[in-house]
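Asker:
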Amino acid sequence: MKLFIPGPTEVSSEVLNEMARPAIGHRTAECAELWKTARAGLGRLMQTRNEVLILTAPASAMMEGAIRNTVKTRSLHLINGAFSKRWFDIAKSCGVDAIAATKPMGEGFTADDLRAALSEYGPVDAITVVHNETSTGVMNPIQDYRAVLADFPDTLLLVDTVSSMAGAPVYVDDWGIDVCLFGIQKCMALPAGLAIAAVSESALNRAQEIEHRGWFLDFLRLQKANLKEQSPTTPSTAHLYALVRQLERIEEEGLKNRWARHEEMAQFIRNWAVGHGWEMFPAPELCSNTVSCIARGDGPDFVPALDALKEQGFLLSNGYGDLKGKTFRIGHMGEHSMKCIREITSLMDEALSICPT
Ligand SMILES: Cc1ncc(COP(=O)(O)O)c(C=O)c1O
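For the sequence shown, this note's numbering begins at 1310 and goes up steadily by one.
(1) Ignoring anything shorter than 3 residues, give me the beta strand (DSSP E) runs that lie fully in the segment 1343-1403, in order along the chain.
(2) If you scan the segment 1482-1561 from start to end, which runs of the alpha helix (DSSP H) of 4 or more residues do you find wholly inside it?
(3) Run the proximity test for Asn1627: is its beta-carbon closer than 8 Å to any non-hydrogen atom belonging to ligand 1?
(4) Give the single residue among Pro1317, Glu1594 and Met1474 whose Cα lies nearest to the Cα of Arg1353.
(5) Applying the criterion that 16 or more other CB atoms from any shown protein chain within 10 Å of the CB defines a buried residue, is Gly1404 buried or exposed?
(6) I need the DSSP call for Ile1653, collapsed to helix, strand or coil.
(7) Identify whether Ala1409 lies in helix, strand or coil by the three-state DSSP scheme.
(8) Please go through the same chain and pick out, in chain order, the residues whose beta-carbon is closer than 8 Å to the beta-carbon of Gly1622, but skip the five residues on each side of it.
(9) Measure the beta-carbon distance from Gly1431 to Phe1397 and round it to whole angstroms, keeping in mind my assumption that it falls under 8 Å.
(10) Report the rounded CA-to-CA distance for Phe1525 versus Asn1449, giving the unit in angstroms.
(11) Per DSSP, which residues does Asn1627 bridge with? Please list them.
(12) Taking the alpha-carbon of Ala1582 as reference, which of Ile1639, Asn1566 and His1548 has the nearest alpha-carbon?
(13) List in chain order: all unbroken beta strand (DSSP E) runs of 3+ residues lying wholly within the segment 1598-1622.
(14) Is it true that the CB of Ile1505 sits closer than 9 Å to the CB of Leu1364?
(15) To the nearest angstrom, how far is the alpha carbon of Met1574 from that of Met1647?
(16) Confirm the yes/no value for this check: CB of Arg1395, any heavy atom of ligand 1, distance under 8 Å.
So this is what it looks like as structure tokens:
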């Protein structure tokens, strides 16, 4: 099955081969070297000098870790889709006073929206926001938030970049992100299995003030183990080998070239979708460059064509949750190129011409 869902996505055979290397001891010099190389590469990818943490876990684990380590009593959650809602649910389940600022799916949060939410609900220890809402194809303008947060110095900025990191610009230090987290199964084009975070000094200082941070997700424990270039628990060395190779491949391509490739694919998909009478679900200025969420508009029913493509071995995504049947999503990320985007769209055109609409 060829994956055009918004993650997990295609993995290159070169990277897959790395995962077949023999297991190594996780307290060896070889593993420490791998850990160190991975963390250095991740710092460059995220444009940060902050502490880089790696967990063998899904991204949701790091979402929980971010809450446990930075929220003493109260958190504010910008919710405009399924994953931002998940972060709110995680916070509630951790027992903090979690407050939701909600917008309809398809909309985003401007800096003014952030200021209004903080003024209404603050003071809070942290705000959570999803950079790229995979459920709706909305990219929030995180780059504009720093100026607002300058007026709220005790509020930390926690950002989920799960489906944007390595596919769209994210400047952790310049944007003032205190916890920037992601998984590796989206634009990183690796099999799911590692959760990564860059954590600022302010966030680590906050963790010092929180007694019950848990054990597995304790950022200070992870930071301490980093001093020895180790994980407190046994990491997936198969993933570490693959990660290091993929970080090299990303640097070989050039990060800016990679972002431009994603943007070109996104632009092509948008034109193609509008040409069919469909509409982009988000407003133009919020459309993601890594996942397109396309609404029916005046266009044909796409569900039979999605089913036909699945039969042929190409997987695209129906809408998420309530948006099923009303929208569909194409992941154009990671290893995808203009060539395969042209292929998948013409296959979809063929399927549309045959299927009843
Ligand atoms: C934006 C976003 N955040 C979080 C997650 C959760 O990731 P995981 O399944 O690795 O926990 C996803 C998964 O699709 C996502 O798209």
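We put the CB at the ideal spot given by N, CA and C, even for glycine.
Answerer: Walking through what the data contain:
(1) Complete beta strand (DSSP E) runs here, min 3: 1360-1365 and 1383-1388.
(2) Within the segment 1482-1561, the complete alpha helix (DSSP H) runs of at least 4 residues fall at 1510-1517 and 1528-1536.
(3) Short note on Asn1627: C-beta not closer than 8 Å to any heavy atom of ligand 1.
(4) Nearest neighbour of Arg1353 by Cα position, chosen from Pro1317, Glu1594 and Met1474, turns out to be Met1474.
(5) The residue is exposed, with fewer than 16 neighbouring Cβ atoms inside 10 Å.
(6) The three-state secondary structure of Ile1653, taken from DSSP, is helix.
(7) Here Ala1409 sits in strand by DSSP.
(8) Sequence-distant partners of Gly1622 (beyond 5 residues in either direction) whose C-beta falls short of 8 Å from its own C-beta, in its chain, are Met1310 and Lys1311.
(9) Not a contact, Cβ separation roughly 16 Å.
(10) If I take the Cα positions, the gap works out to 30 Å.
(11) Under DSSP, Asn1627 shares a beta bridge with Phe1637.
(12) Comparing alpha-carbon positions, the option among Ile1639, Asn1566 and His1548 lying closest to Ala1582 turns out to be Ile1639.
(13) With a minimum length of 3 residues, the continuous beta strand (DSSP E) runs that stay inside the segment 1598-1622 are 1600-1604.
(14) Against a cut-off of 9 Å, the Cβ pair of Ile1505 and Leu1364 comes out as a contact.
(15) Cα to Cα, the separation comes out at about 6 Å.
(16) Checking every heavy atom of ligand 1 against the Cβ of Arg1395, one is found closer than 8 Å.
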